[in-house]
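Beneath this line is the structure, given in structure tokens, with notes to follow.
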Amino acid sequence: MARSKLLSLWQLSRNAGVLGAGTRRFATSIPRGNLAKPGQLKKEPEPEPATSNGKGGEKKENGDKEKDGFGQSILANTAILVLGALVGTSWASFNLCKEPPEFLFPHTSTLPLASTLSPLYGDSKLVIEEVKGFLNEDQVSESKDEIDNHSDSFFSTDHPTPEEHPDAVIYPETTEQVSQIMQAAHKHHVPIVPFTGGTSLEGHYISTRRGICLDMSRMNKIVALHKEDLDIIVQPGVGWEDLRDYLQPLGLIFGPDPGPGAAIGGMCGTSCSGTNAARYGTMRENVVSLTVVLADGTIVKTRRRPRKTAAGYNLTNLFVGSEGTLGIVTEATLKLNVLPKFENVAVVSFPSMSDAADAVAKVVQSGVQFNAMELLDAQMMKFVNVSGNVTKKYDEKPTLMFKLGGNSDKVVNSITNDIKDICNECNCGKKNFRFASSDEEKEELWTARKVALWSTIDAGREVYGEDAQVWTTDVAVPISKLVQSLVDTRKILDDEKMMSSIVSHAGDGNYHTFIVYPKKDHDRVRQVVQHMVTRALELDGTVTGEHGVGIGKREYLREELGDVGVNVMRKLKFALDPLLILNPDKVIQIDPEEKRE
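Residue numbering for the sequence shown follows the UniProt record's numbering, starting at 1 and increasing by one per position.
Laid out in structure tokens, this is it:
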């Protein structure tokens with residue numbers, strides 16, 4: 001029997017209730033030509049009426065006998081059909097129900113897209129009505145304004161089609177409520193898209209299959225602080241800036257510091273970092289454990305609180321960076337650090353991007369400890385100067401900005417001198433090295449970095465007005481390849497006359513490109529970004545250092561990891577979310593028939 005027919009049989013047996021709950025549901029083609037339409041069934045001829053010559057009675061008698069024989073034949077055929085159905089059902093129960101058979105779903109370690117079928121999804125209204133039974137009225141919204149606010153972002157590189165929006169927004173307040181919502185979604189096969197700060201850049205929360213948006217912003221509590229252990233337990237709706245303000249008076253710091261508005265749930269989802277990454281690491285290094293609700297509503301805690309463990313698989317890092325496709329984070333235990341007692345900010349400019357990037361490599365290779373090292377290109381410094389966001393004017397040259405910290409002024413001064421010596425070797429010039437002499441000046445000098453994106457956008461709006469769009473993308477390369485990657489990127493941006501700027505978390509080889517453009521140039525900008533990403537891969541880099549994959553960079557993930565790497569990820573996705581309801585279409589393609597551009 002052909003595989004397609006077996007798939008159809010398996011699907012039919014499932015839809016008839018033969019298969020147990022929780023079995024994978026796939027789309028399949030059922031041949032419609034085999035089903036009779038109304039009015040197409042053939043009618044049996046009517047018996048002839050009796051005539052006056054009496055022969056009709058004879059015909060009637062013979063007809064009755066034929067009728068009885070026909071009735072017996074119908075009964076016999078019906079019995080055979082019923083028996084056949086029972087035998088077929090039993091066969092299906094024993095051979096198909098318990099597990100999809102190997103000839104349909106091979107027991108391989110990877111899952112190529114061609115081996116899958118399109119997912120089937122149910123009616124969101126069924127979930128909406130069910131959750132209204134255990135949630136408060138204000139926790140479920142079908143308001144157009146709220147739906148629109150949870151559908152798209154100005155900063156995203158990908159935008160939804162008119163059909164790609166959720167049918168409702170639900171605001172859970174506890175882990176148990178998230179579990180109940182997921183149980184309902186699982187039962188009715190309805191997609192769930194998680195949402196926290198709404199600052200993602202690669203189309204992470206586009207509702208490609210409609211369904212329901214799960215807004216975690218009301219789960220915004222600090223659950224427990226263990227100051228003596230340097231960790232803290234928080235809910236996903238806690239903003240990192242609020243967490244920073246809470247910890248600072250205690251002399252503590254949470255390392256990752258992404259863009260304004262980001263919240264812990266989304267930060268876990270993308271494994272983001274920020275300016276402090278070279279010193280404190282990304283989210284992967286700063287999340288100790290997670291509480292996660294799986295696709296069927298199961299609640300799992302990935303590990304306990306010790307800083308180290310060798311107990312089993314690293315479930316924590318399986319979910320960090322999964323972008324809500326494997327589970328919904330409802331609590332995170334985060335690693336904390338002690339704030340440096342003394343910290344200074346230094347700014348140094350260079351005659352060329354090559355000189356600045358060369359200084360980055362030498363600082364990293366020297367082993368000198370720094371808390372942050374950011375590289376802004378000449379165009380970025382120009383945008384900062386004209387933005388009105390700073391009171392001091394900067395040299396419009398490639399510029400390095402450092403945060404240098406330690407337990408004493410002596411330590412900080414020693415680090416500063418080491419940095420200065422290295423920069424002098426790279427042609428910075430002694431007059432181009434500035435460092436703060438007060439807290440106010442530290443804030444002023446670092447402001448240039450903090451307003452980088454907004455300065456670029458403001459400059460673009462001056463040129464393109466309300467038509468201005470922004471494309472923010474990132475890649476990362478080995479430190480030794482940073483010079484070449486930055487120079488190549490700047491060249492293609494200049495060749496294509498793109499209004500753009502570059503800023504780099506230079507200490508770990510990660511950099512961002514901000515491009516402002518009119519809508520008509522969208523495809524041209526995409527080609528430039530593709531060149532940038534491809535060049536990073538040629539230099540043994542990655543397609544994203546901290547923004548994540550979402551929809552926008554799925555096509556490049558195959559180039560980075562190859563088919564085998566992506567197929568392993570797909571296998572994990574199908575294992576943990578067999579109905580494919582958790583943030584569908586993000587990170588990897590799950591539908592072989594998807595036509596999204």
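Glycine is no exception: its CB is placed at the ideal position from the N, C-alpha and C atoms.
- Taken in chain order, the complete beta strand (DSSP E) segments of 3 or more residues contained in the region 153 to 224 are 168 to 170, 192 to 195, 212 to 215.
- Rounded to the nearest angstrom, the gap between the Cα atoms of tyrosine 313 and valine 566 is 20 Å.
- When beta bridges are read from the DSSP output, tyrosine 511 appears opposite Val475, Ser504.
- Of the residues assessed, asparagine 417 falls on the exposed side of the cut-off, its CB having fewer than 16 other CB atoms within 10 angstroms.
- The three-state secondary structure of phenylalanine 254, taken from DSSP, is coil.
- Restricting attention to Arg596, Asp577, Val587, Ile590, the CA atom closest to the CA of lysine 187 is found in Asp577.
- Phenylalanine 383 and alanine 468 do not touch by the CB rule: their CB atoms are close to 13 Å apart, not below 8 Å.
- Note on glutamine 180: 16 or more other CB atoms within 10 angstroms of its CB, so buried under the neighbour-count rule.
- By a beta-carbon distance limit of 8 Å, glutamate 396 does not contact valine 503. Their separation comes to about 15 Å.
- By the Cβ-count criterion, asparagine 407 is exposed, with fewer than 16 other Cβ atoms from all chains shown falling within 10 Å of its own Cβ.
- Per the coordinates, the alpha-carbon of lysine 362 lies some 22 Å from the alpha-carbon of glutamate 343.
- For alanine 346, the enclosing beta strand (DSSP E) has its first and last residue at 342 to 349.
- In this structure, the alpha-carbon of alanine 357 lies about 7 Å from that of leucine 482.
- With a cutoff of 7 Å on beta-carbon distance, proline 191 and tyrosine 121 are scored as near each other.
- Note on geometry: alpha-carbon atoms of aspartate 523 and glycine 198 lie some 25 Å from one another.
- About 7 Å separates the CB atoms of glutamate 202 and aspartate 158; that is less than 8 Å, so the two are in contact.
- Spanning the alpha carbons of tyrosine 517 and serine 500 requires a straight line of approximately 9 Å.
- Within the DSSP bridge table, the entry for phenylalanine 402 names Ala346, Met373 as partners.
- Between valine 533 and the set Glu466, Asp521, Glu555, the nearest pair of CA atoms involves Glu555.
- DSSP places methionine 498 in the coil class of the three-state scheme, outside both helix and strand.
- In this structure, arginine 434 and valine 347 form a Cβ contact; the two beta carbons are roughly 5 Å apart against a cut-off of 8 Å.
- Under the three-state reduction of DSSP output, isoleucine 232 falls in the strand class.
- It is roughly 42 Å from the alpha-carbon of lysine 221 to the alpha-carbon of serine 485.
- Cα atoms of proline 478 and tryptophan 240: separation of roughly 28 Å, rounded to the nearest angstrom.
- Taking a C-beta distance under 7 Å as the contact criterion, valine 329 and arginine 284 do not qualify as a contact pair.
- A straight-line Cα-Cα distance of about 38 Å links aspartate 563 and phenylalanine 370.
- Taking isoleucine 422 as reference, the option from Gly367, Lys491, Thr391, Ala476 with the minimal CA-CA separation is Gly367.
- About 5 Å separates the beta carbons of arginine 210 and aspartate 167, which is inside the 8 Å limit, making them a contact pair.
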